[in-house]
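Asks: Quick note on numbering: UniProt numbering labels position 135 of the sequence shown as 135, and the sequence is numbered without any gaps. For reference, the structure I am asking about is given below.
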Amino acid sequence: MANKSKSTRPQNVTPEMVLKYTKPTDKFLCPLSLNKYIEFLEFRIRDMESSKVVFEVKRPSVEINWKERDLSGGDELRTIAYTFPVDFLSYKTVGTTLVFAVCPEGIQNFRMIERHYFKGKLLKSFDFTFGYCIPNSVNTWEAVYSLPELTEKQVQEMVDNPGSTLSDSFYFVDDRLIMHNKASYSYS
1 MANKSKSTRP QNVTPEMVLK YTKPTDKFLC PLSLNKYIEF LEFRIRDMES SKVVFEVKRP
61 SVEINWKERD LSGGDELRTI AYTFPVDFLS YKTVGTTLVF AVCPEGIQNF RMIERHYFKG
121 KLLKSFDFTF GYCIPNSVNT WEAVYSLPEL TEKQVQEMVD NPGSTLSDSF YFVDDRLIMH
181 NKASYSYS
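Have a look at this one:
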């Protein structure tokens, strides 16, 4: 089965480069095989005011074999289409909880940069640093996002144009891109 990936070969993509992006990337900036460092186990998104959980996913509890991980999948493994309630667009802050496992070597300077866009224009950028991660550890990363204040017109446009709100999430270890995920958002 052919790998249908729209990845480009890594060309020293740096945090400084992605922080300058003003529109979503048209392809993935690195292959899946570069991520030899982390494995996502759980992810949750919630409204900080009400604590209402709007998205949650957990990986089945299986042991990770770091030497024989299958990193050959296609782009569907790193693309997600979220559907949130319309009131999500009125939240002031959302919290995310990411639980991840670290490889036996550990990692230095783990960083995530997220860029959110609507109709090709930058809405908001987030830059989080986790720092050092102990070898063979399982970590919980809590992040709080202050959401942009949207006009009624902008909210209606986002509701009327499902999938036009997009994000790129870039993950770095020692300023080297190791993973790039994409998401689209719909509100109903």
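We put the CB at the ideal spot given by N, CA and C, even for glycine.
1. Would you call the CB atoms of residue 171 and residue 103 closer than 8 Å?
2. At 3 residues or longer, what runs of the beta strand (DSSP E) sit wholly inside the UniProt domain "GMP phosphodiesterase delta subunit" (36 to 187)?
3. Count the other CB atoms within 10 Å of the CB of residue 134; is the residue buried (16 or more) or exposed (fewer)?
4. Let me know if residue 4 comes out buried or exposed under the rule of 16 or more other beta-carbons within 10 Å of its beta-carbon.
5. Using CA coordinates, which residue listed in 86, 74 and 154 is at the minimum distance from residue 186?
6. Is the stretch 75 to 90 touching the stretch 120 to 139, taking contact as three or more C-beta pairs under 8 Å?
7. Rounded to whole angstroms, what's the CA-CA distance from residue 80 to residue 57? Just pull it up for me.
8. Tell me whether residue 180 is buried or exposed, calling it buried when 16 or more other Cβ atoms sit within 10 Å of its Cβ.
9. Three or more beta-carbon pairs under 8 Å between the stretch 55 to 69 and the stretch 112 to 119, yes or no?
10. Taking the alpha-carbon of residue 147 as reference, which of 95, 159, 43 and 39 has the nearest alpha-carbon?
11. Given that a residue counts as buried once 16 or more other Cβ atoms are within 10 Å of its Cβ, and exposed if not, what is residue 177?
Replies: Inspection of the coordinates gives the following:
1. Position 171 of the sequence shown, counted from the start, is the residue given in the question as residue 171. Position 103 of the sequence shown, counted from the start, is the residue given in the question as residue 103. Taking 8 Å as the cut-off, the beta carbon of residue 171 is found no closer than this to the beta carbon of residue 103.
2. Given a length threshold of 3 residues, each whole run of the beta strand (DSSP E) inside the UniProt domain "GMP phosphodiesterase delta subunit" (36 to 187) is given here in chain order: 38 to 47, 53 to 58, 79 to 84, 93 to 102, 107 to 118, 121 to 133, 138 to 146, 165 to 173 and 176 to 187.
3. Your numbering for residue 134 matches position 134 in the sequence shown. The Cβ neighbour count for residue 134, taken over all protein chains shown within 10 Å, is under 16; the residue is labelled exposed.
4. Indexing the sequence shown from 1 puts residue 4 at position 4. Note that residue 4 has pLDDT 41, beneath the 50 cutoff, so the model's placement of it is unreliable and no number is given.
5. For the purposes of this step, residue 186 is taken as the residue at position 186 of the sequence shown. Ranking 86, 74 and 154 by CA distance to the CA of residue 186 puts 86 first.
6. Contact annotation: the stretch 75 to 90 does not touch the stretch 120 to 139, with fewer than three C-beta pairs closer than 8 Å.
7. For this step, residue 80 is matched to residue 80 along the sequence shown. For this step, residue 57 is matched to residue 57 along the sequence shown. Each residue's alpha carbon lies about 12 Å from the other.
8. Along the sequence shown, read from residue 1 onward, the residue named residue 180 stands at position 180. Flag for residue 180 reads buried.
9. Verdict: no, contact absent.
10. Looking up residue 147 in the sequence shown gives position 147. Nearest to residue 147 by alpha-carbon distance, out of 95, 159, 43 and 39, is 95.
11. Position 177 of the sequence shown, counted from the first residue, corresponds to residue 177. The residue in question, residue 177, is buried, as its Cβ has 16 or more Cβ neighbours within 10 Å.
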